[in-house]
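Residue numbers (the numbering used here): 931 to 1442. Cβ atoms here follow ideal geometry from the backbone N, Cα and C, with glycine treated the same way. Here the structure is a predicted model, which means the values were calculated and not measured.
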Ligand code: AHR
């Protein structure tokens, strides 16, 4: 394929954006569909360990490289009674989950989930219910989880088989409270007051907790911007993060869909601007960072039209919900969202891919059968492994194209990373062109890559996907077009592609 278009990327290693917090590679497990039951947990599966967790899924989650995991919701948490999910399993009640119109068996709760997290080596990020519940229940859960011993609640945890406190640091103050679909949805004013009181109470137990207050469920919410301003005006001194949530889908205009990263960039910039406005008004020394704790591709339109469960006598256990099958195009957009997060590494210091297994997930499973990687698995795993150290800004010269929603958008997006300790470096690129390969010249700005290599995700069929019957149809391919003269790299990016260039050792060759 002869490229007709060219682009130029310049890396600026001398002015890093900021350190990449490992929490940027977090994910999210909600009690929703087959995420937990028949997902990570399936006691009768041939690969299940003695606690009922699937070993093949554990291996894939480890390979994905996830850091923090947000739990147990999501919309689910806004009707959740945490006490139901602890204590002897045989006496845990079954409850209706109004968010997803399902039955929650409570077979997996805090103890089981934290055991699973130990197996995969991830940090727990807990959400409290500020929908149907309030300050007292949040405090009770905190005491149960984090107090060593000596009170009814901490002793109850010990009696429940967990002598050591869970030591949970990151806590979400509810979920998507701006959304009318949320149980207990409130106005910004009402939520801001409740979140501030809850945060104050939780920090009087432990001031070192890191608290996330709910921002907007998407940048297209009618209250976006004003919601953040009002909520932070109430909570600024008490909280550490404000959340952003964003899901993207192809509504039939692929050019638009491929530009989703532009929306994410603008969303983050606006959320930061609003947080900094409140900082200025309050003459505060402190900055509030972003926890982008739900992001992904989600074919929500299909869910609303086809999958939504209804019927007052119909409450299935672990139904198949939100089981989107991701294409190559989805994975390229997904890769561009990761680039957007890395471009904001100075202020987006925590993020959770929503979600992890079966539910809008990079990992799929079949009950009694296989577990496999979706297309989106690959950009996440590669970035989690190699986007280490600091994010480095890049300037890009390339052709643009017109989109219906975002105006004129560059064909290429990119970011670079460099780790001073290991001297490893990486460059991430997307080509949004649907028709043209692009030859990209990368000026490394004095950061020469030794023995660089490149992996690309692309396919002649932009709708190719990995499925139960064809699990390895799509993966990362070595990009043999990569050339290096020690100072500059050149590479050809196929149409609709995501690429990672890595160097195990970088050498500074000149002043940038
Ligand atoms: O991730 C699926 C759902 O998306 C979550 O439960 C909710 O927070 C969001 O609307």
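Give the secondary structure of residue i by DSSP, where H, G and I count as helix, E and B as strand, and everything else as coil.
i            : result
residue 1248 : coil
residue 1076 : helix
residue 1164 : helix
residue 1151 : coil
residue 992  : helix
residue 1207 : helix
residue 1100 : strand
residue 1308 : helix
residue 1269 : helix
residue 987  : helix
residue 1274 : coil
residue 1288 : coil
residue 1441 : With a pLDDT of 36 at residue 1441, under the threshold of 50, the modelled position of this residue cannot be trusted; read the value that follows with caution. Residue 1441 falls in the coil class under three-state DSSP.
residue 944  : coil
residue 1293 : strand
residue 964  : coil
residue 1069 : helix
residue 1353 : coil
residue 893  : Shown here, the chain extends from 931 to 1442; a query on residue 893 therefore has no answer.
residue 1348 : strand
residue 1414 : strand
residue 1408 : strand
residue 1041 : helix
residue 1116 : coil
residue 1055 : strand
residue 1140 : strand
residue 1083 : helix
Look at residue i and residue j and say whether their C-beta atoms are less than 8 Å apart.
i            : j            : result
residue 1051 : residue 1281 : no
residue 1402 : residue 965  : no
residue 987  : residue 970  : yes
residue 1445 : residue 1156 : Any question about residue 1445 goes unanswered here, given that the chain covers just 931 to 1442.
residue 1370 : residue 1346 : no
residue 1122 : residue 1161 : yes
residue 1141 : residue 1126 : no
residue 1255 : residue 1187 : no
residue 1452 : residue 1224 : Because residue 1452 is not part of the residues shown, which for the chain are 931 to 1442, the question remains open.
residue 1364 : residue 1326 : no
residue 1278 : residue 1222 : yes
residue 1368 : residue 963  : no
residue 1258 : residue 1378 : no
residue 1285 : residue 1006 : no
residue 1384 : residue 1421 : yes
residue 1406 : residue 1386 : yes
residue 1315 : residue 995  : yes
residue 1189 : residue 1362 : yes
residue 1172 : residue 1227 : no
residue 1261 : residue 1430 : no
residue 1065 : residue 1131 : yes
What does DSSP give as the partner residues of residue i in its beta bridges?
i            : result
residue 1033 : 1026 and 1247
residue 1328 : Paired residues: none, contrary to the question.
residue 1370 : 937 and 1421
residue 1427 : 1361
residue 1388 : In DSSP, residue 1388 forms no bridge with anything.
residue 958  : 1000 and 1284
residue 1299 : For residue 1299, which the question treats as bridged, DSSP gives no partner whatsoever.
residue 1343 : 1360
residue 975  : For residue 975, which the question treats as bridged, DSSP gives no partner whatsoever.
residue 1225 : 1176 and 1283
residue 1383 : 1432
residue 949  : 1320
residue 1132 : In DSSP, residue 1132 forms no bridge with anything.
residue 1220 : 1172 and 1278
residue 1338 : 1332
residue 1397 : 1400
Kindly give me the distance between the Cβ atoms of residue i and residue j, rounded to whole angstroms, as I take these residues to be in contact under 8 Å.
i            : j            : result
residue 1077 : residue 1114 : That belief does not hold up - the Cβ atoms of residue 1077 and residue 1114 are roughly 26 Å apart, past 8 Å.
residue 1090 : residue 1011 : Actually they are not in contact, since the Cβ atoms of residue 1090 and residue 1011 sit about 15 Å apart, beyond 8 Å.
residue 1266 : residue 1360 : 5 Å
residue 1269 : residue 1358 : 5 Å
residue 1382 : residue 1411 : Rounded, the Cβ-Cβ distance is 12 Å, inconsistent with contact.
residue 1003 : residue 960  : 5 Å
residue 1084 : residue 1073 : 6 Å
residue 1310 : residue 1292 : 6 Å
Using a Cβ-Cβ distance cut-off of 8 Å, determine whether residue i contacts chain D.
i            : result
residue 1016 : Protein chain content of the structure displayed is limited to a single chain, and chain D is not contained in it.
Margin query: Contact between the segment 1018 to 1035 and the segment 1293 to 1306 is defined here as three or more beta-carbon pairs at a separation below 8 Å; is this criterion met?
Written below: Result no; under three Cβ-Cβ pairs closer than 8 Å.
Margin query: For the structure I just gave you, are there three or more beta carbon pairs, one from the segment 1237 to 1249 and one from the segment 1191 to 1207, closer than 8 Å?
Written below: Segments in contact, no.
Next item on the list: For the segment 937 to 945 and the segment 1311 to 1330, state whether three or more C-beta atom pairs, one from each stretch, are separated by less than 8 Å.
Entry: Yes, the segment 937 to 945 touches the segment 1311 to 1330.
Item checked: the segment 1055 to 1072 contacting the segment 1095 to 1103, beta-carbon criterion three pairs below 8 Å -> Taking 8 Å as the limit for Cβ pairs, the verdict is that the segment 1095 to 1103 does touch the segment 1055 to 1072.
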